[in-house]
């Protein structure tokens, strides 16, 4: 047997593309993207019409992908060329880009001329068809019994079928009217004139009645007899009517010619406008490849972002002015309780990850540390010696002691401290004043300007993203240094993994960030606050305390809410005193006006007070207060 020869087909072999064919291919791709044309269904026919060679859509798509892999923009994907066209091929030379643009403009101009020619043809009016159908179905005499009124508006266009039909009927009726106006011959003369040879077997004529009158038909052929019957009943048309009709038709024809001339002029104007449009598109695309366009876009985006920030600042300022008038610029009591709950939960998680045991009794603290002496005094109201004795007698666990110490440090370092100390940031605060004065003008008071400036400053990028995290890291480092010499047992059950994986500074930094953010909000509330730690051994008071780990009806809403339910409080076991406070309570005091009329004291009454968190020994804590948040205690 002979060796089988494998057939190869030209459609499956790779095609060798010339540079001109590649340009045509890319120009058609750009044309399809701009006009939403299917590239797969049209490219083969387009290339075949240009190159006179048989190609397939697959060969064209493979060539487009090959051009992207060869000239594609750095960092782009294969799908970019199908979305952006030749503009994604940054490796092409300027001359090649110019040729592709010219080819695409030719395609768009040719398609525009095709659309203009198709739009210049008037669609046929369906009315003549209906008129023709009705006239064919009616009898020949029905159209002659009524004389329709003729007006300029009822004359159809000369290009329509209705105009040709009506014109033919008019000429036919005019010819019949002229012939019927001639004197009729006698029946015998008419018969002799027409010649009745060969018609001897015709039946004798009978008289007929038309419209109530008799007439005697003549011996003529059937067609002539029928025409004379119609002509005898045509309406009389005068020469003046004919002249009017001719004049109206001439005017209508002149209007049609003027409209056609106007259409041709508009077509020329549209072609010129399209050329100008293409020139502008060409300039825009050429500028799009230049480096200066990127800088222009960046400047526009930057300007837009600046305008948006100013608009947001203005809206916030207007909203802040309303809040100042309503004395509601600071957070609500419910929002404060939610923030304090979050801070307490974060302290518990950080202490759990610290790694101390929850079952071992805490060892006495170092009495030589001044910072610990201050913290224990704030925490328990005792000296450090008595506090150590209480730890051993009450069997306070290491984890409970750690949570109490961290809570006390958060109160002292974050809330009671002088943060934010804006003496070194005078120009920054001054800028905030200037912006608010510019928005409000002379109508704003010192109080509204000061509070709005601080509100804008505290919510700025400088405070929230830079100053607060930096200050929180410093406080967390101070806590880690204070706890460095504390002797504790390492817990075997650590939910967050070994304590060595995370530094102590990173554990407590989020706690201080949350505390500082809350303090910035409370500075604008025109209220004094104090954090109260109930001393160990204090009788449990459900009005200002809540037991740690208590779960019952209403716990989620009353844990840090207002006064507890008396029934629920009475249902709980009766215990004399608390072991240790894990998180303090928050009391609110309204500001009192200072005595004296000096200018400095009057100004202090209307500006933001950086020290609105009072110490436990402050004289202003002796007045009436409101319990915002209850203390979490261990009984």
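Residue numbers (this note's numbering): 24 to 658.
Ideal Cβ placement from N, Cα and C applies to all residues, glycine included.
With distances taken between CB atoms, is the gap from residue i to residue j smaller than 9 Å?
i	j	result
residue 385	residue 420	yes
residue 431	residue 398	yes
residue 556	residue 429	no
residue 374	residue 422	yes
residue 569	residue 366	no
residue 354	residue 548	yes
residue 635	residue 545	yes
residue 23	residue 46	Nothing about residue 23 can be reported from this structure: the residues present for the chain run from 24 to 658 only.
residue 537	residue 436	no
residue 653	residue 608	yes
residue 562	residue 508	no
residue 93	residue 108	no
residue 70	residue 84	no
residue 604	residue 511	no
residue 90	residue 104	yes
residue 727	residue 506	Because the chain here runs from 24 to 658, residue 727 falls outside it and cannot be looked at.
residue 297	residue 132	yes
residue 300	residue 469	no
residue 305	residue 485	no
residue 567	residue 356	no
residue 403	residue 558	yes
residue 49	residue 62	no
residue 452	residue 490	no
residue 120	residue 86	no
residue 552	residue 438	yes
residue 413	residue 560	yes
residue 359	residue 541	yes
Within the continuous beta strand (DSSP E) that includes residue i, where are the two ends?
i	result
residue 434	Residue 434 -> no beta strand (DSSP E), and no H or E assigned at all.
Starting from residue i and walking both ways along the alpha helix (DSSP H), at which residues does that stretch end?
i	result
residue 551	First-last for residue 551: 550 to 555, but that is the beta strand (DSSP E), not the alpha helix (DSSP H).
residue 472	469 to 481
residue 534	527 to 545
residue 103	103 to 107
By DSSP, does residue i sit in helix, in strand, or in coil?
i	result
residue 403	helix
residue 289	helix
residue 672	Within the shown structure, residues of the chain are numbered from 24 to 658, placing residue 672 beyond reach of any answer.
residue 613	strand
residue 651	strand
residue 377	helix
residue 486	helix
residue 636	strand
residue 328	helix
residue 99	coil
residue 645	helix
residue 410	helix
residue 179	Caution applies to residue 179, whose pLDDT of 46 falls short of 50 and renders its modelled position unreliable; the value that the coordinates give is listed next. Residue 179 falls in the coil class under three-state DSSP.
residue 94	helix
residue 296	helix
residue 629	coil
residue 128	helix
residue 113	coil
residue 354	coil
residue 239	Low confidence applies to residue 239: its pLDDT is 47, below 50, so where it sits in the model is not reliable, and the reading given next is rough at best. In this structure, residue 239 counts as coil in the three-state DSSP scheme.
residue 87	helix
residue 510	coil
residue 491	helix
residue 560	coil
residue 150	With a pLDDT of 45 at residue 150, under the threshold of 50, the modelled position of this residue cannot be trusted; read the value that follows with caution. Reduced to three states, the DSSP call for residue 150 is helix.
residue 427	helix
What are the partner residues of residue i, as DSSP defines its beta bridges?
i	result
residue 502	Partner(s): none; residue 502 has no beta bridge.
residue 384	420
residue 570	656
Tell me whether residue i counts as near the ligand SAM, meaning its Cβ is closer than 8 Å to at least one heavy atom of that ligand.
i	result
residue 330	Of ligands this structure carries none, so the ligand SAM is not represented either.
Hey, is residue i's beta-carbon within less than 9 Å of any beta-carbon in chain B?
i	result
residue 550	This model lacks chain B altogether; it includes just one protein chain.
Could you name each continuous beta strand (DSSP E) segment of 3 residues or more that falls completely within the region 38 to 85, going from the start of the chain to the end?
none
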